[in-house]
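Asks:
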Amino acid sequence: MRSALMTVSTEMASRWLSGWTVSRICSRRESFCGSVMVRKRTSVCSASAPGEAWPELGWNRSVTGGKRKTARRCRVVREETMKEFDIAVVGAGPGGYVAAIKAARAGAATCVIEDDKAGGTCLNRGCIPTKALFSTAHLLRRLRQAADHGIDIPSLNFDYTRAAERKDKVVAKLVGGVEQLLKGHGVDLFRGRGTLEGPGRLRVRRGGVVGHVRAKKIILATGSLPAVPKSLPVDEENILTSTGILAIKNLPQSLLVVGGGYIGCEFASIFSTFGCRVTVVEALPRLLAMSDRQAVREVEKSFQKQDVKVLTGTSVTSLETIDGGVRATLSNGDVLQVEKVLIAIGRRPNTEGLGLEEVGVARDERGCVRVDDQMRTSVDDVYAIGDVTGGIQLAHVASYQAGIAVTNALGGAAHADYRVVPSSIFTLPEVSQVGLSEEQCKEQGIEVAIGRFAYLATSKAVCEGETEGSIKLLAEKRSGRLLGASIAGADASTLIAEVGVAMAAGLTAEQLGEIIHSHPTLPEMVKEAAEDVSGQAVHKVGRRKR
152 MRSALMTVST EMASRWLSGW TVSRICSRRE SFCGSVMVRK RTSVCSASAP GEAWPELGWN
212 RSVTGGKRKT ARRCRVVREE TMKEFDIAVV GAGPGGYVAA IKAARAGAAT CVIEDDKAGG
272 TCLNRGCIPT KALFSTAHLL RRLRQAADHG IDIPSLNFDY TRAAERKDKV VAKLVGGVEQ
332 LLKGHGVDLF RGRGTLEGPG RLRVRRGGVV GHVRAKKIIL ATGSLPAVPK SLPVDEENIL
392 TSTGILAIKN LPQSLLVVGG GYIGCEFASI FSTFGCRVTV VEALPRLLAM SDRQAVREVE
452 KSFQKQDVKV LTGTSVTSLE TIDGGVRATL SNGDVLQVEK VLIAIGRRPN TEGLGLEEVG
512 VARDERGCVR VDDQMRTSVD DVYAIGDVTG GIQLAHVASY QAGIAVTNAL GGAAHADYRV
572 VPSSIFTLPE VSQVGLSEEQ CKEQGIEVAI GRFAYLATSK AVCEGETEGS IKLLAEKRSG
632 RLLGASIAGA DASTLIAEVG VAMAAGLTAE QLGEIIHSHP TLPEMVKEAA EDVSGQAVHK
692 VGRRKR
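Numbering (the numbering used here), first residue to last: 152 to 697.
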């Protein structure tokens, strides 16, 4: 049961407000307008219907109506409220909101504290808006192949502004969905920045409004932010992070992408498909260093077709904003002039203002919150999940960790297991992998048998005109147990799920190959690759054993 303990203290804003109680900052718009709503002895919000939550922090109000008076701007406004919960979650991203819902379903009185829109980076400035643009890029590429299907499109024009508007609508719809899920499960959503104050205590601040929450257990899920080198002057106008590039409304003629990881390669693929001249600079010897080499070659071939210039083993030494764009000086001596620059060199934990030092939460050398396999931090009753902990920075991993943290916070004994974690890169073609790579198997001294199958040999892929790429399965040579897979090609992000399920179930390659697959479909490639581990793939010439 939730026990709500409310104490309200108010300050007089100025002498001319004598006799009135300063109750709150007006929030008729999403951001504070700075005016003050006042009423004698009671609090009234013109932006909320009776019984709704105050928009600033989400505090429920008990008044049912009353007159109001609007005063001039006042910066001395404070509202203190104490509420008690079983579990308080800081951050409403894919880790935070999932944790809150799971806790609420288990019967715990739960709240979420979020200083931005629900859904976190993934939904608002990451996975989802990027995939909305990826969907547009994929459709545009297919439309350019329309003539092969006997479809004549006299004038194929692309308007990035409209594509960006669609992306924003997709995000807004899904943000609303997350908020409705929280509301439907009885989770209180407090708007503001959450800060640890002490054992079981959090401060919530938004503008001039401050609230306080007490909870038996606290789960930190504040995510991450784009990493930016101090030497590069990011202004989010010409020199952009992934956040900034998703906010632009017009397509740049040229783009320099600094960083050849998954973020950089996704944007390079998308924007080059839109018609932007793209150059990718990567300090390491190859793109997508953590991905299977064979799969990466498919991306490199696609980049060549799209005239994406790739410079590996190269770094940016300086960036200078000039009229009409940015001048970039590279470590190889080249000087490039482009309209926009995207900095995509990784992400850092979002811990600023979280109060970790004050309560003694330990962090590693990168600033990530240290956790064990039960998602426990160094402080009793404080857990952490998702990107803020470092490790595997994927939305679905954060959601998985949410379940681990909630189970343990409610008295269980769950332990995280990362042996089967699928990941996908949304380039054209897509790249996905799960489990161990061939390189990792070699490093660990594991003898493997490898099964391969090409999209070009798959009837559905030929019908769809999606013949780029292949699938690779790895199995332990002695036992045949599946160890990993990599896929480069259309719908790789969907196909990888079957392999992950098979691995989690402990299947061998032979057992996976014996499962009946629908025809004609792309998943038939999984079956054929599994059969090829023992040289038995029917639609592959020759018998080969590895």
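We put the CB at the ideal spot given by N, CA and C, even for glycine. Since we're looking at a predicted model, the values are computed, not measured.
Closer than 7 Å by C-beta to Lys282: which residues in its own chain qualify, once you throw out the five before and the five after it? Chain order, please.
Replies: Taking the first residue of the sequence shown as 1, we reach residue 282 at position 131. Contacts found: Phe577.
Asks: Specify the secondary structure class of Gly410 as computed by DSSP and reduced to three states.
Replies: Stepping through the sequence shown from its first residue, residue 410 is reached at position 259. Coil.
Asks: Would you identify the three-state DSSP class for His336, choosing helix, strand or coil?
Replies: Reading the sequence shown from its first residue, position 185 is the one you call residue 336. In this structure, His336 counts as coil in the three-state DSSP scheme.
Asks: Here's the rule I'm using: 16 or more other beta-carbon atoms within 10 Å means buried, otherwise exposed. How should Lys400 be labelled?
Replies: Here residue 400 refers to the residue found at position 249 of the sequence shown. With fewer than 16 other Cβ atoms within 10 Å, it is exposed.
Asks: What does the alpha-carbon distance come out to for the pair Gln445 and Gly484?
Replies: Residue 445 sits at position 294 when you count from the first residue of the sequence shown. Residue 484 sits at position 333 when you count from the first residue of the sequence shown. Going by the C-alpha atoms only, they are around 30 Å apart.
Asks: DSSP state of Ser466, grouped into three classes?
Replies: By one-based count along the sequence shown, residue 466 stands at place 315. DSSP places Ser466 in coil when its eight states are reduced to three.
Asks: In whole angstroms, what is the alpha-carbon distance linking Leu325 and Leu284?
Replies: Position 174 of the sequence shown, counting from 1, holds the residue named residue 325. Position 133 of the sequence shown, counting from 1, holds the residue named residue 284. Rounded to the nearest angstrom, the two C-alpha atoms are 15 Å apart.
Asks: Tell me the rounded alpha-carbon separation between Ile536 and Gln488.
Replies: Numbered from 1 along the sequence shown, position 385 holds the residue referred to as residue 536. Numbered from 1 along the sequence shown, position 337 holds the residue referred to as residue 488. Ile536 and Gln488: Cα-Cα distance of roughly 41 Å.
Asks: Write down every uninterrupted run of the alpha helix (DSSP H) in the stretch 583-652 whose length is 4 residues or greater and which is fully enclosed by it, in chain order.
Replies: 589-594 and 610-615
Asks: Take Ser393 as the anchor and find which of Ile238, Thr463, Leu274 and Ala639 has the nearest alpha-carbon.
Replies: Numbered from its first residue, the sequence shown carries residue 393 at position 242. If we check each option's Cα against that of Ser393, Leu274 comes out closest.
Asks: Can you give me the start and stop residues for the alpha helix (DSSP H) that Pro280 sits inside?
Replies: On the sequence shown, residue 280 is found 129 positions in, with the first residue counted as 1. In the DSSP assignment, Pro280 falls within the alpha helix (DSSP H) that extends over Cys278 to Leu294.
Asks: Quick check on DSSP: helix, strand or coil for Pro206?
Replies: Sequence index remark: in the sequence shown, residue 206 carries index 55 (1-based). Residue placement at Pro206 is poorly supported in this model, since its pLDDT is 43, which falls under 50; the coordinates still yield a value, given next. Reduced to three states, the DSSP call for Pro206 is coil.
Asks: Quick one: what does DSSP say Arg437 is sitting in, helix, strand or coil?
Replies: To locate residue 437, count along the sequence shown from 1; it is residue 286. Coil at Arg437, not helix or strand.
Asks: Suppose the cutoff is 7 Å on Cβ atoms and the five residues either side in sequence are ignored; what does the same chain contact list for Tyr569 look like?
Replies: Taking the first residue of the sequence shown as 1, we reach residue 569 at position 418. So the list reads Ile543, once near-sequence residues are dropped.
Asks: Label Ile396 either buried or exposed according to how many other C-beta atoms from any shown protein chain fall within 10 Å of its C-beta, with 16 as the threshold for buried.
Replies: Sequence index remark: in the sequence shown, residue 396 carries index 245 (1-based). Buried: at least 16 other Cβ atoms inside 10 Å.
Asks: Can you find at least 3 beta carbon pairs, one from the stretch 511-526 and one from the stretch 425-443, that sit closer than 8 Å?
Replies: no
Asks: Leu493 by DSSP, collapsed to three states: which one?
Replies: Counting from one through the sequence shown, the residue named residue 493 turns up at place 342. If DSSP states are grouped into helix, strand and coil, Leu493 belongs with the strands.
Asks: Going by DSSP in three states, Lys268 sits in which element: helix, strand or coil?
Replies: Stepping through the sequence shown from its first residue, residue 268 is reached at position 117. DSSP places Lys268 in coil when its eight states are reduced to three.
Asks: Indicate the three-state DSSP secondary structure (helix, strand or coil) for Cys262 in the structure shown.
Replies: Your numbering for residue 262 matches position 111 in the sequence shown. DSSP places Cys262 in strand when its eight states are reduced to three.
Asks: Among residues of its own chain, excluding the 5 on either side of Pro384, which ones have a beta-carbon nearer than 8 Å to its beta-carbon?
Replies: Taking the sequence shown and counting its residues from 1, the one referred to as residue 384 is at position 233. The answer, listed in chain order, is Ile390, Leu470 and Thr472.
Asks: Here's the rule I'm using: 16 or more other beta-carbon atoms within 10 Å means buried, otherwise exposed. How should Pro403 be labelled?
Replies: In the sequence shown, residue 403 corresponds to position 252, counting from 1. Its Cβ being crowded by 16 or more others within 10 Å, Pro403 is buried.
Asks: Would you grab the beta carbon distance between Gly351 and Ala255 for me? Rounded to a whole angstrom, and I think it's under 8 Å.
Replies: Position 200 of the sequence shown holds residue 351. Position 104 of the sequence shown holds residue 255. With a beta-carbon spacing of about 19 Å, Gly351 and Ala255 fall beyond the 8 Å limit used to define contacts.
Asks: When burial is assigned at 16 or more other CB atoms within 10 Å of the CB, is Glu388 buried or exposed?
Replies: Within the sequence shown, residue 388 is the residue found at index 237, counting from 1. Exposed: under 16 other Cβ atoms inside 10 Å.
Asks: Tell me, to the nearest whole angstrom, how far the beta carbon of Ala553 is from that of Ala250; I am working on the premise that it is less than 8 Å.
Replies: Within the sequence shown, the letter at position 402 stands for residue 553. Within the sequence shown, the letter at position 99 stands for residue 250. Indeed, because the Cβ distance is near 4 Å, the residues count as touching under 8 Å.
Asks: Could you check whether Leu493 and Phe418 sit closer than 8 Å to each other, using their CB atoms as the reference points?
Replies: Within the sequence shown, numbered from 1, the residue matching residue 418 stands at position 267. Within the sequence shown, numbered from 1, the residue matching residue 493 stands at position 342. The Cβ atoms of Phe418 and Leu493 sit closer than 8 Å to each other.
Asks: Specify, as a first and last residue, the run of the beta strand (DSSP E) that Thr346 falls within.
Replies: Counting from 1 along the sequence shown, the entry for residue 346 is found at position 195. First-last of the beta strand (DSSP E) with Thr346: Arg344 to Gly349.
Asks: To the nearest angstrom, report how far apart Val677 and Arg448 are at their CA atoms.
Replies: Here residue 677 refers to the residue found at position 526 when the sequence shown is read from its first residue. Here residue 448 refers to the residue found at position 297 when the sequence shown is read from its first residue. About 20 Å.
Asks: Could you give the distance in angstroms between the alpha-carbon of Gly301 and the alpha-carbon of Gly616?
Replies: As a first step, residue 301 must be located in the sequence shown, where it is residue number 150. As a first step, residue 616 must be located in the sequence shown, where it is residue number 465. If you take the alpha carbons of Gly301 and Gly616, they lie about 13 Å apart.
Asks: Could you pull out every residue in the same chain whose Cβ sits closer than 7 Å to the Cβ of Glu348, ignoring the five residues on either side in sequence?
Replies: Taking the first residue of the sequence shown as position 1, residue 348 is located at position 197. When the five nearest sequence neighbours on each side are left out, the beta carbons in the same chain lying within less than 7 Å of the beta carbon of Glu348 are those of Arg354 and Gly506, in order along the chain.
Asks: By how many angstroms is the C-alpha of Gly464 removed from the C-alpha of Ser482?
Replies: Stepping through the sequence shown from its first residue, residue 482 is reached at position 331. Stepping through the sequence shown from its first residue, residue 464 is reached at position 313. Answer to the nearest angstrom: the Cα atoms are 9 Å apart.
Asks: Below 8 Å, can you find three or more Cβ-Cβ pairs linking the stretch 627-646 to the stretch 594-614?
Replies: Flag = yes, the stretch 627-646 and the stretch 594-614 touch.
Asks: For the candidate residues Arg356, Ser423, Leu579 and Gly586, whose alpha-carbon lies nearest to that of Glu649?
Replies: Mapped onto the sequence shown, residue 649 falls at position 498. Among Arg356, Ser423, Leu579 and Gly586, the Cα nearest to that of Glu649 belongs to Gly586.
Asks: Report back the beta-carbon spacing between Val582 and Ser453 to the nearest angstrom; my notes put them in contact at under 8 Å.
Replies: If you number the sequence shown from 1, residue 582 lands on position 431. If you number the sequence shown from 1, residue 453 lands on position 302. 10 Å between Cβ atoms; not a contact.
Asks: Could you have a look at Asp237 and say whether DSSP puts it in helix, strand or coil?
Replies: For the purposes of this step, residue 237 is taken as the residue at position 86 of the sequence shown. Strand at Asp237.
Asks: Identify whether Gly476 lies in helix, strand or coil by the three-state DSSP scheme.
Replies: Locating residue 476 in the sequence shown gives position 325, counting from the first residue. Residue state, collapsed to three classes: strand.
Asks: Assuming Gly246 and Glu265 form a contact by the criterion Cβ under 8 Å, report the distance between their Cβ atoms to the nearest whole angstrom.
Replies: Residue 246 sits at position 95 when you count from the first residue of the sequence shown. Residue 265 sits at position 114 when you count from the first residue of the sequence shown. Incorrect: roughly 12 Å between the Cβ atoms, too far for contact.
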